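Asks:
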């Protein structure tokens with residue numbers, strides 16, 4: 002079973018940056034599309050960035066131009082660089098396959114506040 006461990010969240014001021022990391026185990030990582038998802042309080046989980054085996058990336062309109070997804074197939078890791086953060090980015094961030102597996106990690110909390 003694939004497992005995910007997210008890290009790198011925290012409290013940041015509006016306009017700031019954070020870099021999230023996700024360690025993936027239990028699967029053939031390099032053959033899978035990967036995604037970063039987030040869930041804000043009272044909202045459904047949404048896909049914000051996807052990486053299709055390191056060849057193709059796409060982003061939700063709300064983060065386009067500010068977030069960058071990348072992956073390291075040797076380290077079995079996926080990353081999310083987040084710049085120019087705003088309060089609407091406050092959420093718990095998760096990584097998973099794309100489309101997602103039923104196995105979710107604990108996520109990492111990102112809070113954007115002054």
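In my numbering, the protein residues as written are 2 to 115. Even glycine gets a Cβ: it sits at the ideal position worked out from N, Cα and C. Keep in mind the model is a prediction, meaning the values are calculated, not measured.
(1) Jot down the residue ranges of each uninterrupted beta strand (DSSP E) in the segment 18-73, minimum 3 residues, whole runs only, in chain order.
(2) DSSP beta-bridge partners for residue 97?
(3) Excluding the five sequence neighbours on either side, which residues of its own chain have a C-beta within less than 8 Å of the C-beta of residue 46, listed in chain order?
(4) Comparing C-alpha positions only, which one of 92, 84, 57 and 103 sits nearest to residue 17?
(5) With DSSP as the reference, identify every bridge partner of residue 7, one or two as the case may be.
(6) With distance defined between alpha-carbon atoms, name the residue in 53, 114, 89 and 74 nearest to residue 29.
(7) Where do the ends of the beta strand (DSSP E) carrying residue 113 lie?
(8) Among 101, 112, 103 and 14, which residue has its Cα nearest to the Cα of residue 91?
(9) Could you round the C-beta distance between residue 25 and residue 79 to whole angstroms and report it? I think they count as a contact, below 8 Å.
(10) Can you find the residues in the same chain that come closer than 6 Å, C-beta to C-beta, to residue 6, ignoring five residues on each side of it along the sequence?
(11) With 16 as the cutoff for other CB atoms within 10 Å, does residue 72 come out buried or exposed?
Replies: Well, looking at it:
(1) You should have 19-26, 34-40, 47-53, 57-60 and 68-73.
(2) Paired residues: 36.
(3) Once the five neighbours on either side are set aside, the close Cβ partners of residue 46 are 38, 39, 40 and 95.
(4) Taking each of 92, 84, 57 and 103 in turn and checking the Cα distance to residue 17, the smallest one comes out for 84.
(5) Its beta-bridge partners are 23.
(6) The shortest C-alpha to C-alpha distance from residue 29 to any of 53, 114, 89 and 74 is the one to 74.
(7) Per DSSP, residue 113 belongs to the beta strand (DSSP E) from 109-113.
(8) Nearest of 101, 112, 103 and 14 to residue 91, Cα basis: 112.
(9) The distance from the Cβ of residue 25 to that of residue 79 is about 7 Å, consistent with a contact at the 8 Å cut-off.
(10) Cβ within range, chain order: 24 and 106.
(11) By the Cβ-count criterion, residue 72 is buried, with 16 or more other Cβ atoms from all chains shown falling within 10 Å of its own Cβ.
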